[in-house]
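S.K.:
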Amino acid sequence: DTPVPVPEPPGLPFIGNAIDIEKEVPLRSFSGIADKYGEIFRLRFPQRNTVFVASHRLIDEVCNEKRFVKIPRGALEEVRNGVHDGLFTAKPGEPNWGIAHRILMPAFGPLSIRGMFDDMHDIATQLALKFARHGPTTPIAVSEDFTRLALDTLALCSMGYRFNSYYTTGLHPFVEAMGDFLVECGRRPTRQLPNWFYRNEDTKYFEDIEVLRKTANEVLQARKSHPTEKKDLLNAMLNGVDPKTGQHMTDDSITDNLITFLIAGHETTSGTLSFALYELIKNPEAYRKAQQEVDDVVGKGPITVEHLSKVPYISAIIRETLRLDSPIPVIAVTPREDTLLAGKYQIYKDDMIALLLAKSHLDPTVFGEDSDQFKPERMLDENFNKLPKNAWKPFGNGVRACIGRPFAVQEMTLVMIMLLQNFNFIMDDPSYRLALKQTLTIKPDGFCARAILRDGMT
Ligand code: HEM
């Protein structure tokens, strides 16, 4: 077979396809181009070319780690300015990735995550109390409160630190610095003017990095001088020995990873919870079934860690939300060598390949003609376990897949149970239609709900 070029929409000289891409929500443009050009297309930008793959069969192919590898580029490369070779942003072959990965895998395993249940419960209760105090008529900016939840939970479970986001009016300086840092990481790769033009932005950017590193390092030094028995991620990193090299993690690598957990874990978890609540309010039948499950399994009493494995419908809701509204809608890999995709499309060694999960998760050959509908039933164990390989990828791929998955799933399941047990939710504005806000992740934009207490809180 003769190789064929990857189809590409016509572009302009110099700027290529940049003009075709929406600034606010680039994902919408990528999905639109996929609708027109199909499962594979190339876009040219001043900084680099990107090949997008959008079908299950092509995503399955590029998930082959023998042929393709994650190399952080674009915004992820910028995040490296703050957290270097931390787990999320490490380049292939960087030794600190291997050491941290091997030391942290057990610490992120299901058993150790169960041990974090009480801390997760503590923060989830603060969220529920806040919703209760709002009363039934106050609009709740759902994503913001879930972001407080995710950040406070991560800081408490990873390093025993309390941001107390529900008890302060402004944001904690660490949280503010992280938010600004991430926004700038998203902007830097698309700069149009020479770098000196961005002096003020750069000063602020490096000051924010300083705040992040200083705070994380203070927590680390405080723990070193006052050791605890707590089974959190910081202790796992301080005390762990890499079984392969016999090495400990360095202070710098621990700092990189403490910040990494907060970066990687907060918008993703809060985005998923926000989308899940949106989908439930929009789908009253699913809402009713989920609440019934909570009433049957947990009733009005306290939620325990044992309950979390007994709510299959809620697990299915989380999976279905992650399919329809993946907070990380695109991940990227690079071919190790020049290669052909689907046996015919010519791809080169330096090409960046973007896996358009937002599209492959709707592939009708896997999920049927109603793939754009929210149907948790399709994600119940008996169906979920039968999905073809690499059809559902919200947590990424292979050795670079999400290490925080059990953490996130436990937290999200607990929060969903607690909210359904205690509240009925309605849209603040019944005519609201899902709009997206895109930063490094996506989340609902402008989604406000109201929380109506059921009958006294438990
Ligand atoms: C990696 C999704 C929660 C820590 C990833 C990747 C995805 C992902 C797609 C791969 C990124 C890539 O290929 O470039 C999610 C989703 C979450 C979530 C959807 C919640 C619903 C968390 C949490 C933590 C976390 C709570 C920390 C406690 C990480 C880390 C990596 C990662 C450290 C890098 C792993 C490595 O490359 O070794 N996540 N994540 N994530 N995630 Fe998550």
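Start counting the sequence shown at 2; every next residue gets the next number (our numbering). Glycine included, C-beta positions come from ideal geometry on N, C-alpha and C.
So the alpha helix (DSSP H) C64 belongs to, where does it begin and stop?
M.R.: The residue labelled residue 64 in the question sits at position 63 within the sequence shown. It is not in any alpha helix (DSSP H) - C64 carries neither H nor E in the DSSP assignment.
S.K.: Taking all protein chains shown into account, do 16 or more other C-beta atoms lie within 10 angstroms of the C-beta of G75, making it buried, or fewer, making it exposed?
M.R.: Looking up residue 75 in the sequence shown gives position 74. G75 is buried by the Cβ-count criterion.
S.K.: To which residues of the same chain is C449 closer than 8 Å at the C-beta, ignoring the five residues directly before and after it?
M.R.: For the purposes of this step, residue 449 is taken as the residue at position 448 of the sequence shown. Excluding sequence neighbours, C449 sits near P140, I141, A142, V143, M428, D429, D430, Y433.
S.K.: On the three-state DSSP scale, how would you describe V54?
M.R.: In the sequence shown, counting from the first residue as 1, residue 54 sits at position 53. V54 falls in the strand class under three-state DSSP.
S.K.: With Y168 as the anchor, note down where its alpha helix (DSSP H) starts and where it stops.
M.R.: Looking up residue 168 in the sequence shown gives position 167. From DSSP, Y168 is part of no alpha helix (DSSP H); its letter is neither H nor E.
S.K.: What is the rounded straight-line gap between the Cα of G116 and the Cα of F175?
M.R.: Locating residue 116 in the sequence shown gives position 115, counting from the first residue. Locating residue 175 in the sequence shown gives position 174, counting from the first residue. When rounded, the distance between both Cα atoms is 26 Å.
S.K.: Would you mind stating whether N423 and L388 have Cβ atoms separated by less than 8 Å?
M.R.: Along the sequence shown, read from residue 1 onward, the residue named residue 423 stands at position 422. Along the sequence shown, read from residue 1 onward, the residue named residue 388 stands at position 387. Against a cut-off of 8 Å, the Cβ pair of L388 and N423 comes out as no contact.
S.K.: Which residues in the same chain as S275 place their Cβ atom closer than 7 Å to its Cβ, once the five residues preceding and following it in sequence are excluded?
M.R.: Mapped onto the sequence shown, residue 275 falls at position 274. Cβ neighbours of S275 beyond the five flanking positions: V143, S144, F147, K444, P445, F448.
S.K.: Out of V5, R43, T3, which one is the CA nearest neighbour of G17?
M.R.: To locate residue 17, count along the sequence shown from 1; it is residue 16. For G17, the nearest C-alpha among the options comes from R43.
S.K.: For M428, report the span of its beta strand (DSSP E) as first-last.
M.R.: Start at 1 with the first residue of the sequence shown, and residue 428 comes out as number 427. From DSSP, the beta strand (DSSP E) with M428 extends over 424-428.
S.K.: Spatial neighbours of R224 within its chain, please: C-beta separation below 6 Å, excluding the five flanking residues on both sides.
M.R.: Here residue 224 refers to the residue found at position 223 of the sequence shown. Excluding residues within five positions, the ones whose Cβ falls inside 6 Å are L235.
S.K.: Just to confirm before moving on: does the CB-CB distance between A265 and M417 stay below 8 Å?
M.R.: Residue mapping note: residue 265 aligns to position 264 of the sequence shown, counting from 1. Residue mapping note: residue 417 aligns to position 416 of the sequence shown, counting from 1. No, Cβ-Cβ distance for A265 and M417 is not below 8 Å.
S.K.: With distances taken between CB atoms, is the gap from S271 to L150 smaller than 8 Å?
M.R.: Start at 1 with the first residue of the sequence shown, and residue 271 comes out as number 270. Start at 1 with the first residue of the sequence shown, and residue 150 comes out as number 149. In contact: S271 and L150 (Cβ atoms closer than 8 Å).
S.K.: Can you give the Cα-Cα distance for T414 and P47, rounded to whole angstroms?
M.R.: Your numbering for residue 414 matches position 413 in the sequence shown. Your numbering for residue 47 matches position 46 in the sequence shown. One C-alpha to the other measures close to 43 Å.
S.K.: With DSSP as the reference, label T229 as helix, strand or coil.
M.R.: Your numbering for residue 229 matches position 228 in the sequence shown. Reduced to three states, the DSSP call for T229 is coil.
S.K.: Per DSSP, what are the beta-bridge partners of A355 in this structure?
M.R.: Residue mapping note: residue 355 aligns to position 354 of the sequence shown, counting from 1. F53, A333, per the DSSP bridge assignment.
S.K.: Alpha carbon to alpha carbon, how far is D352 from R134? Give it in angstroms, no decimals.
M.R.: Reading the sequence shown from its first residue, position 133 is the one you call residue 134. Reading the sequence shown from its first residue, position 351 is the one you call residue 352. The alpha-carbon atoms of R134 and D352 are separated by roughly 52 Å.
S.K.: What is the residue span of the alpha helix (DSSP H) that P313 lies within?
M.R.: By one-based count along the sequence shown, residue 313 stands at place 312. Per DSSP, P313 belongs to the alpha helix (DSSP H) from 313-325.
S.K.: Thinking L421 and Q292 are a contact (beta carbons under 8 Å), I'd like their distance in whole angstroms, please.
M.R.: Taking the sequence shown and counting its residues from 1, one reaches residue 421 at position 420. Taking the sequence shown and counting its residues from 1, one reaches residue 292 at position 291. Yes, they are in contact, since the Cβ atoms of L421 and Q292 sit about 5 Å apart, within 8 Å.
S.K.: List the whole-angstrom C-beta distance separating I329 from L105, where the pair is believed to meet the contact cut-off of C-beta under 8 Å.
M.R.: The residue labelled residue 329 in the question sits at position 328 within the sequence shown. The residue labelled residue 105 in the question sits at position 104 within the sequence shown. In fact, because the Cβ distance is near 19 Å, the residues do not count as touching under 8 Å.
S.K.: Tell me where the beta strand (DSSP E) around Q439 begins and ends.
M.R.: One-based indexing of the sequence shown puts residue 439 at position 438. Residues 437-439.
S.K.: Among V242, R320, G33, R49, which residue has its Cα nearest to the Cα of K350?
M.R.: Numbered from its first residue, the sequence shown carries residue 350 at position 349. Comparing Cα-Cα distances from K350 to each of V242, R320, G33, R49, the minimum goes to R49.
S.K.: Use the C-beta contact count for R401: other C-beta atoms within 10 angstroms, 16 or more gives buried, fewer gives exposed.
M.R.: Position 400 of the sequence shown, counting from 1, holds the residue named residue 401. It is buried - the Cβ of R401 has at least 16 other Cβ atoms within 10 Å.
S.K.: Which residue comes first and which comes last in the alpha helix (DSSP H) that contains P365?
M.R.: Translated into positions along the sequence shown, residue 365 becomes position 364. Where P365 is concerned, the enclosing alpha helix (DSSP H) stretches over 365-368.
S.K.: Are there any heavy atoms of the ligand MN lying less than 7 Å away from the beta-carbon of K71, as far as the coordinates show?
M.R.: Absence of the ligand MN is noted for the structure shown, with the ligand HEM being the only ligands found.
S.K.: Could you name the residues of the same chain whose beta carbon sits closer than 7 Å to that of A91, not counting the 5 residues immediately before and after it, in chain order?
M.R.: Looking up residue 91 in the sequence shown gives position 90. N97, W98.
S.K.: Distance check for Y162 and L172, CA to CA, integer angstroms please.
M.R.: Taking the first residue of the sequence shown as 1, we reach residue 172 at position 171. Taking the first residue of the sequence shown as 1, we reach residue 162 at position 161. Their backbone Cα atoms lie some 15 Å apart in a straight line.
S.K.: Going straight from the alpha carbon of M160 to that of H249, what length do you get?
M.R.: The residue you call residue 160 lines up with position 159 of the sequence shown. The residue you call residue 249 lines up with position 248 of the sequence shown. Straight-line Cα distance between these residues: approximately 18 Å.
S.K.: So the candidates are M419, D364, P336; which of them puts its Cα closest to the Cα of P93?
M.R.: On the sequence shown, residue 93 is found 92 positions in, with the first residue counted as 1. Cα-wise, what sits closest to P93 is P336.
S.K.: So, is A178 buried or exposed, given that buried needs 16 or more other C-beta atoms within 10 angstroms?
M.R.: Here residue 178 refers to the residue found at position 177 of the sequence shown. By the neighbour-count rule (16 or more Cβ atoms within 10 Å), A178 is buried.
S.K.: Verify whether the separation of the beta carbon atoms of S310 and H362 is less than 8 Å.
M.R.: Residue 310 sits at position 309 when you count from the first residue of the sequence shown. Residue 362 sits at position 361 when you count from the first residue of the sequence shown. Cβ atoms of S310 and H362: not closer than 8 Å.
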